[in-house]
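Undergrad:
There are 4 protein chains.
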Amino acid sequence: MFPEESSTRKRILTAALAEFSEFGLAGARVDRIAQKAGVNKAMIYYHFSSKKALHQEVIKQHFSRILTAAGQTVTVSDRFEDLLKSFTEVYAAAFSINPEFVNILLRELADSGSENTKMIADMIASSGLPKQIVSSFQAGIEQGHFRPVDVRQTFVSFILMNVGYFILAPIIDKIWDVTDRDQFVSERKEAVIDLFLHGVKIR
Amino acid sequence: MFPEESSTRKRILTAALAEFSEFGLAGARVDRIAQKAGVNKAMIYYHFSSKKALHQEVIKQHFSRILTAAGQTVTVSDRFEDLLKSFTEVYAAAFSINPEFVNILLRELADSGSENTKMIADMIASSGLPKQIVSSFQAGIEQGHFRPVDVRQTFVSFILMNVGYFILAPIIDKIWDVTDRDQFVSERKEAVIDLFLHGVKIR
Amino acid sequence: MFPEESSTRKRILTAALAEFSEFGLAGARVDRIAQKAGVNKAMIYYHFSSKKALHQEVIKQHFSRILTAAGQTVTVSDRFEDLLKSFTEVYAAAFSINPEFVNILLRELADSGSENTKMIADMIASSGLPKQIVSSFQAGIEQGHFRPVDVRQTFVSFILMNVGYFILAPIIDKIWDVTDRDQFVSERKEAVIDLFLHGVKIR
Amino acid sequence: MFPEESSTRKRILTAALAEFSEFGLAGARVDRIAQKAGVNKAMIYYHFSSKKALHQEVIKQHFSRILTAAGQTVTVSDRFEDLLKSFTEVYAAAFSINPEFVNILLRELADSGSENTKMIADMIASSGLPKQIVSSFQAGIEQGHFRPVDVRQTFVSFILMNVGYFILAPIIDKIWDVTDRDQFVSERKEAVIDLFLHGVKIR
DNA sequence: CATGAATGAGGATTCATTCAT
DNA sequence: GATGAATGAATCCTCATTCAT
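Here the protein sequences line up with chains B, D, X and R, keeping their order. Going by our numbering, the first sequence opens with residue 38, and the numbers climb by one from there. Going by our numbering, the second sequence opens with residue 38, and the numbers climb by one from there. Going by our numbering, the third sequence opens with residue 38, and the numbers climb by one from there. Going by our numbering, the fourth sequence opens with residue 38, and the numbers climb by one from there.
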C-alpha cells in the first residue's frame with residue numbers, strides 16, 4: 038500500500054509519528070522532526086507539502102498498518118467465543134505494540150470535526166471487522182444461544198470494555214492502584230470475556 | 038471552593054476553557070482567549086502567571102465543579118441496582134452538559150506524563166464515588182447476589198461501558214451509523230445496565 | 038487624510054517607502070524595514086497585516102500626498118499658456134522632490150494587472166487635473182486659437198513629454214550625454230512648452 | 038550573434054524571459070523557470086552560473102534582438118518626414134510585438150544603478166539610430182525647413198511621445214478611457230507626427 | 001484594574017544553489 | 001547533458017510575555 042518509499046521519506050515519517058504522538062499537531066516542531074529523522078528541515082517540505090499534510094500522512098499510514106495487521110490476525114472461527122477471544126487479543130496487541138497509537142487517536146478524537154477522525158472511522162468500517170463479529174453475534178441470537186439484546190449497543194459495550202482501558206489507563210491505574218499494567222491487561226482479557234458472555238448468554 | 042472571583046477573572050477562565058477545549062494547550066492562543074473574554078491580553082497576565090498556569094487552573098476548576106456536581110447527584114441507596122442506575126445517569130449528564138469536558142480530558146490523557154492527569158485522578162479518587170460503588174458491589178457478592186468476579190476489573194468494565202462512548206463517539210457514530218446521538222445515549226443507559234447485571238448476577 | 042498616525046507607524050511607513058522604492062515588493066526585506074524604522078520586526082505586523090498590505094498603504098499614502106500637493110500648486114488661470122507652464126512646473130517638482138516616486142511608479146507599471154496601478158489611476162483621475170487642462174484646451178480650439186487636433190492624443194503627448202523624461206532618464210542621459218540633470222530639466226520645461234504650443238497653435 | 042545555442046539553453050532563456058518579465062529579478066523563481074522550460078532545475082545551473090547571470094543574459098539577448106530588428110526596419114530616406122514615420126512605426130512594432138519588452142525595461146529603470154540599464158543605453162547608442170535622425174533633423178534646420186530649436190530636447194520629446202505611451206499605458210488607458218488599445222496606438226502614430234511637425238516646421 | 005504598544009525568541013516555509021549518480 | 005535529492009541561509013510571520021501609562 039505504501040510502496041517504494043525512499044529511506045529519507047520513511048525516516049521522516051517515523052520521526053514525525055513520534056513527534057506528533059508526543060506533542061500533537063500544534064505542539065509538534067518541524068525542526069525537531071527533521072533532527073529526529075537526521076535530515077535537513079527543507080527535506081520535509083521536499084517530501085510533504087506542509088506540517089499538516091505530513092501529520093495526515095502519518096496518521097493514514099499508521100492506522101492503515103495497524104488495521105491491516107489486525108485484520109490478518111483475527112481468527113476466523115465458527116465458534117463465537119473464539120472470535121471474541123481473538124478480538125480481545127487483537128485489541129490488546131494493537132495497543133500494546135504501538136505506544137503512539139493511543140496518543141494519536143486521543144488527539145484526533147479531541148479535534149471535534151477532524152477529517153482524520155472520519156478517515157480512521159472509514160478505515161475501521163471498511164476493514165470489515167465490525168460487521169464480521171456482529172453478524173456472528175446476530176446468528177447466535179437467532180440460534181437461541183444469546184438473549185435478544187440490542188446488537189449495536191451490546192457490541193459497542195464490548196469494544197469499549199476492550200479498548201477503553203488503554204485510553205483511560207493513566208486515570209484508571211491511579212484510581213485502582215494498578216502497578217503492573219501488563220498483568221492487569223492480561224487478567225482483563227478473561228474478565229471482559231467472562232462478563233460479556235455471562236451478560237448475553239441464555240442459561 | 039473558588040471564592041471572590043472577579044468578573045474579569047471569571048470571564049477569562051470561561052474563555053480559556055473554550056479555547057483550550059478546542060485547541061489544546063499548544064494550539065491555544067492567548068490573544069484569542071483575551072478576545073473571547075473581552076479583555077486586554079495583558080489582563081490575562083495580571084490574573085495568571087502564564088498560559089500554562091491558566092490552563093492548569095481551568096482544568097482544576099472545571100473538573101472540580103463536575104465532580105462536585107456528580108457527587109451531589111448520585112443517589113445514596115441500599116439497592117445496588119439503583120446505585121448503578123444513578124451512576125449511569127450521572128456519567129451521561131456530566132458528559133452531555135459539559136461539552137468541553139471530553140476534549141480537555143482527551144488532551145490530558147494524550148499528554149503522557151501530564152501532572153493534570155494525576156490531579157484529575159486524585160480528584161476522582163478522593164470524591165469517594167469509586168469506593169462507594171465497589172464496596173456496595175462487594176457486599177452483593179458476599180450476600181450471594183453476584184458471582185464472585187474480580188471486583189476491580191468488573192467495575193472498570195462498568196465505567197468504560199458508560200464513559201467510553203462519549204470518548205469514542207466520533208468514531209463509533211460513523212461506524213454504526215448513529216445519527217441521533219441523544220437517542221443512542223438514552224437507549225445506551227438501559228443496555229449497559231442490562232448487560233452488566235446479567236453479567237454479574239447469579240440466577 | 039491620514040490623521041493621528043502614531044510615531045511608530047509613521048516611521049515604519051517612511052522606512053518602507055525607501056525600501057520598496059529601492060527593492061520593490063518582492064525584493065524588500067521586512068527585517069530591513071524594521072531596522073530602518075528603528076522598531077522591532079513584530080511591530081510591523083502589529084500595525085500592518087502583511088508586507089503586501091504595508092506596500093499598498095505606502096503607495097496609497099505616497100501618491101495621495103503628491104497628488105494633493107500637485108492639485109494645490111497648479112495655478113488656476115484663464116490663459117492656457119499659464120496653465121500649461123504651471124503643469125510643467127508641477128510635474129518637474131513632483132518628480133524632483135520625491136525621488137522614490139518614479140521607482141515606485143515604474144515597479145507598479147511593470148506589475149501588469151496590479152491593483153495599485155488602478156488605484157493610482159483613480160487618484161489621478163479624481164484629482165480633476167486632467168479634466169481641467171483638457172477643457173481649457175478644448176475651449177482654445179473652439180475659440181479658434183488652436184488647430185482642431187485630437188484632444189486626447191494631444192494631451193497624452195503633452196504629459197509624456199513632461200513625465201517621460203523622469204522615467205527614462207537613466208537611458209536618455211546616457212544616450213544624449215546629459216551630465217547636469219537639473220539643468221537639462223530646467224531647459225526642458227521651456228523646450229516642451231515651445232514645441233507643444235507651436236504644434237497646436239494656429240498661425 | 039548568439040550562435041550554436043542548444044535547444045535546452047534556448048528553452049531556459051525563453052522561460053526565463055517570461056518569468057523575469059512577470060516577476061522581476063527578485064520575484065522570479067528558479068523552480069518556475071525550470072518548470073516552464075521543461076527542464077530540471079539543476080540544468081539551469083549547468084548553463085548559467087546564477088539566477089542573476091541568467092537574468093543578465095536574458096536582457097542582453099532580448100534587447101539585442103529587438104534593436105537589431107529595429108535597425109533593419111528603419112527606412113533609410115532623404116525625406117525627414119519619412120524617417121520620422123519610419124521611427125514611429127518601428128517603436129510601435131517593437132513594443133507591440135514584444136510584450137515582455139516594456140516590463141523588463143521598466144524594472145531595470147527602477148533599479149537605480151543597474152548595470153543592465155547602462156548596457157541597454159549602450160546598445161541603443163551604438164545602434165546609430167539616434168544619431169541618424171538627429172543629424173537628419175539638424176540638416177533640416179540648416180536648410181531652413183525647421184525652426185532653430187534645441188535638437189537634443191526636441192528629439193527627446195519625439196521619443197517620449199512615441200515610447201512613453203507604451204510605458205504608461207495602464208494608467209493612461211484608465212484615465213482617458215482607452216478601451217481599444219490597438220486603435221489608440223494606430224491613431225496615435227499620426228497624431229504624434231502631426232504635432233511634432235507642426236511644432237518644428239517653419240511656415 | 002486596564003490598555004495599547006513593544007519585544008525577543010521562535011516557527012513554518014522558501015529558495016538559490018549544489019551534489020551524487 | 002540530465003536528474004532527484006539534499007542543504008543552509010534566509011524570509012515572512014507568530015506568539016507568549018512585558019512595559020509604560
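The C-beta atom is built at its ideal place from N, Cα and C for all residues, glycine as well.
Across the stretch 190 to 201 of chain X and the stretch 166 to 182 of chain X, are there enough close Cβ pairs to call them in contact, namely three or more that are closer than 8 Å?
TA: Yes: at least three Cβ pairs fall under 8 Å.
Undergrad: Look at the alpha carbon of D/Glu59 and the alpha carbon of X/Ser58, and state the distance between them as a whole number of angstroms.
TA: Roughly 44 Å separates the two Cα atoms.
Undergrad: Using a Cβ cut-off of 9 Å, pull out every chain R residue sitting near X/Lys211, in sequence order please.
TA: What X/Lys211 touches in chain R: Thr154, Lys155, Ile157, Ala158, Asp159, Ile161 and Ala162.
Undergrad: Does chain B have any CB closer than 8 Å to the CB of D/His99?
TA: No, D/His99 does not count as interfacial toward chain B.
Undergrad: Using a cut-off of 7 Å between C-beta atoms, extract the partners of D/Ala63 located in chain B.
TA: The answer, in chain order, is Phe60, Gly61, Ala63 and Gly64.
Undergrad: Around the C-beta of B/Asn77, are 16 or more other C-beta atoms found within 10 angstroms, so that it is buried, or is it exposed?
TA: Exposed: under 16 other Cβ atoms inside 10 Å.
Undergrad: Kindly give me the distance between the Cβ atoms of B/Ile161 and B/Leu205, rounded to whole angstroms, as I take these residues to be in contact under 8 Å.
TA: B/Ile161 to B/Leu205, Cβ: 20 Å. No contact.
Undergrad: Terminal residues of the continuous alpha helix (DSSP H) containing D/Thr45?
TA: Run containing D/Thr45: Ser44 to Gly64, per the alpha helix (DSSP H) assignment.
Undergrad: Report the neighbours of X/Leu121 on chain R: residues whose CB is nearer than 9 Å to its CB, in chain order.
TA: Per Cβ cutoff of 9 Å: no residues; X/Leu121 is ~13 Å from chain R at best.
Undergrad: Return no unless some Cβ of chain R is closer than 8 Å to the Cβ of X/Gly236.
TA: Closer than 8 Å: yes.
Undergrad: Report the partner residues of B/Lys88 according to the DSSP bridge assignment.
TA: Answer is none; B/Lys88 lacks a bridge partner.
Undergrad: For chain B, check one thing: does any of its Cβ atoms lie closer than 8 Å to the Cβ of D/Met80?
TA: No, D/Met80 lies away from the interface with chain B (no Cβ there is under 8 Å from its Cβ).
Undergrad: Excluding five sequence neighbours on each side, which residues of the same chain lie with their C-beta closer than 8 Å to the C-beta of B/Val111?
TA: Same-chain partners within the cutoff: Leu120, Ser123, Phe124, Val127, Leu166 and Gln169.
Undergrad: By alpha-carbon positions, which one of D/Leu54, D/Gln180, D/Gly64 and D/Ile141 ends up nearest to D/Lys31?
TA: Any property of residue 31 of chain D remains undetermined from this structure, which presents chain D solely from 38 to 240.
Undergrad: Determine, using beta carbons only, whether X/Asn140 comes closer than 8 Å to chain R.
TA: By this cut-off, X/Asn140 is an interface position.
Undergrad: Which chain B residues sit within Cβ distance under 8 Å of D/Ala228?
TA: What D/Ala228 touches in chain B: Val186, Asp187, Gln190, Thr191 and Ser194.
Undergrad: If you count every other CB in all the chains shown that lies within 10 Å of the CB of R/Pro136, and 16 or more means buried, which is it?
TA: Flag for R/Pro136 reads exposed.
Undergrad: Which residue from B/Ala130, B/Lys155 and B/Asp210 puts its Cα closest to that of B/Gly108?
TA: When only C-alpha atoms are compared, the closest one is B/Ala130.
Undergrad: Using beta-carbon positions only, say whether D/Lys89 and D/Leu50 come within less than 8 Å of one another.
TA: In this structure, D/Leu50 does not lie closer than 8 Å to D/Lys89 by Cβ.
Undergrad: Check whether the Cβ atoms of B/Gly75 and B/Arg48 sit closer than 8 Å, and answer yes or no.
TA: Yes, the pair counts as a contact, with Cβ atoms nearer than the cut-off.
Undergrad: Considering just the uninterrupted stretch of the alpha helix (DSSP H) at R/Gly201, what are its terminal residues?
TA: Val188 to Ile212 is the extent of the alpha helix (DSSP H) around R/Gly201.
Undergrad: Quick check on the burial criterion: 16 or more other C-beta atoms within 10 angstroms. Buried or exposed for D/Glu56?
TA: Answer is buried; the Cβ neighbour count reaches 16.
Undergrad: Interface residues of chain D around B/Phe124 at Cβ under 7 Å?
TA: By Cβ distance, chain D contributes nothing, its closest Cβ being about 14 Å from B/Phe124, past 7 Å.
Undergrad: What does D/Glu94 touch in chain B if you count any residue whose Cβ is under 7 Å from its own?
TA: Within chain B, no residue comes near D/Glu94; the closest Cβ sits about 20 Å away, beyond 7 Å.
Undergrad: What are the uninterrupted segments assigned as beta strand (DSSP E) that are 3 or more residues long and contained completely in the stretch 95 to 127 of chain B, given in chain order?
TA: Runs found: none.
Undergrad: I need the boundaries of the alpha helix (DSSP H) containing X/Thr136, first residue and last residue.
TA: One detail in the question is off: residue 136 of chain X reads as Pro in this sequence, not Thr. It spans Pro136 to Ala147 - the alpha helix (DSSP H) in which X/Pro136 sits, taken as one unbroken run.
Undergrad: So which residues on chain R does X/Arg225 lean against when the C-beta distance must stay under 7 Å?
TA: Within chain R, the residues near X/Arg225 are Gln190.
Undergrad: Between the C-alpha atoms of B/Asp214 and D/Lys226, what's the straight-line distance to the nearest angstrom?
TA: One C-alpha to the other measures close to 28 Å.
Undergrad: Let's see if you can read the secondary structure: which residues bound the alpha helix (DSSP H) around X/Glu239?
TA: In the sequence as displayed, the identity of residue 239 of chain X is Ile instead of Glu. Taken as a continuous stretch (DSSP letters only), X/Ile239 belongs to no alpha helix (DSSP H), as it is neither H nor E.
Undergrad: Roughly how many whole angstroms lie between the Cα atoms of D/Asp219 and D/Thr154?
TA: Answer to the nearest angstrom: the Cα atoms are 28 Å apart.
Undergrad: Going by the DSSP bridge assignment, what does X/Phe183 pair with across the sheet?
TA: According to DSSP, X/Phe183 bridges with X/Lys238.
Undergrad: Can you look up X/Gly75 in the DSSP assignment and give me helix, strand or coil?
TA: The answer is coil: DSSP assigns X/Gly75 none of H, G, I, E or B.
Undergrad: Rounded C-beta distance between B/Ile141 and D/Ile208? I'm assuming under 8 Å.
TA: Rounded, the Cβ-Cβ distance is 13 Å, inconsistent with contact.
Undergrad: Looking at chain B, is there any beta carbon in it that lies within less than 8 Å of the beta carbon of D/Ala147?
TA: At least one chain B Cβ lies under 8 Å of D/Ala147.
Undergrad: Identify, in the order they occur along the chain, each residue of the same chain with its Cβ nearer than 7 Å to the Cβ of B/Arg69, setting aside the five sequence neighbours on each side.
TA: Counting only Cβ-Cβ distances below 7 Å, and skipping sequence neighbours, we find Glu56.
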